[in-house]
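J.:
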Amino acid sequence: MTNHNCKTCPFKSSATKVLSDDEFEILDKNRAMVTFKKGDLIFKQGALSTNVAYLRTGIVKIHMQGPSKEKILRIVKAPSYFGIPTTFGNKINKYSATAIEETTVCFIDSNLFRNFIFKNGKFAYEIIVELCENELQDYERYANQSQKQVPGMVAERLICMSDNIFNSNHFNFPLTQSELADLVGTSRESVSRVLSDFSSNKLIEFKGKEITILNRDVLEQISEKG
DNA sequence: GCATTAACCACAG
DNA sequence: CTGTGGTTAATGC
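Position one of the first sequence corresponds to residue 358 (my numbering), numbered consecutively onward.
1) Which runs of the alpha helix (DSSP H) at least 4 residues long sit entirely within the region 467-551? Give them in chain order.
2) Going by other Cβ atoms of all chains shown within 10 Å of its Cβ, with 16 needed for buried, is Met358 buried or exposed?
3) Quick check: what's the CA-CA separation for Cys363 versus Arg388?
4) Less than 8 angstroms separating the beta-carbons of Ser580 and Ala538?
5) Helix, strand or coil, according to DSSP, for Glu459 in the structure here?
6) With 16 other CB atoms within 10 Å as the buried threshold, where does Ala500 fall?
7) Using only the alpha-carbon positions, how far apart do Ala404 and Ile449 sit?
8) With distances taken between CB atoms, is the gap from Gly415 to Glu458 smaller than 8 angstroms?
9) Check whether the region 422-442 touches the region 474-481, counting contact only when three or more Cβ pairs, one atom from each stretch, lie closer than 8 angstroms.
Here it is in structure tokens:
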């Protein structure tokens with residue numbers, strides 16, 4: 358971890374892959390890699406933002422304090438940037454990031470990052486692509502969330518986690534039920550009921566945090582029907 | 001009216 | 001942190 362090298366880092370972003378050797382050298386001097394444990398706050402809503410955060414390994418949740426409750430905006434899996442909007446969109450962080458499991462994060466000075474965008478068009482393009490993909494995903498979630506019922510949204514999240522984060526039908530669920538509720542925008546009780554319901558209908562099985570998807574087809578139907 | 005859905009509250013493991 | 005029951009409000013036949 359001490360003498361790490363960006364050029365040979367196996368967790369480079371697709372944007373970073375197009376940097377020149379000179380740029381890599383500059384990057385190496387202007388970034389800091391930090392390890393976070395499960396539950397650690399990585400950056401905080403309301404605090405000043407001076408670095409771009411890049412998730413090198415691990416999983417984090419992006420969350421925001423709403424008028425009355427906490428809202429989980431997204432779950433981000435490495436490798437991915439996760440603090441670009443909050444660094445360039447506003448001086449003050451508009452949301453917080455918390456590690457959901459052991460995580461390594463690279464902080465890159467935002468002035469340096471801005472320079473790369475100015476000087477290296479390919480780099481800038483890759484960043485735009487990533488931001489656009491995120492935005493599209495968010496739009497989809499807004500539409501779903503306002504029109505689906507609770508079982509539909511929970512089913513959607515389970516499938517999404519299984520497909521995009523764990524690539525398996527069996528995984529250790531990284532959130533509490535209360536957090537899952539904050540993610541899909543309902544109450545903790547509703548999540549609990551839906552989960553027991555799915556379980557008694559043999560769509561999933563869960564003991565503790567271990568979740569297994571037993572009947573993916575029906576779960577997808579529920580997700581689509583809402 | 002009656003059923004469904006889901007939030008809020010409360011209390012118990 | 002989770003599971004459940006009671007209550008209540010909104011919405012849709």
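Glycine included, each C-beta is placed from N, C-alpha and C at the ideal position.
T.: Based on what the coordinates show:
1) 467-476, 478-504, 507-517 and 534-541
2) Residue placement at Met358 cannot be trusted, given a pLDDT of 48 that sits under 50; the coordinates are not used to answer.
3) 9 angstroms
4) Cβ atoms of Ser580 and Ala538: not closer than 8 angstroms.
5) coil
6) exposed
7) 6 angstroms
8) yes
9) no
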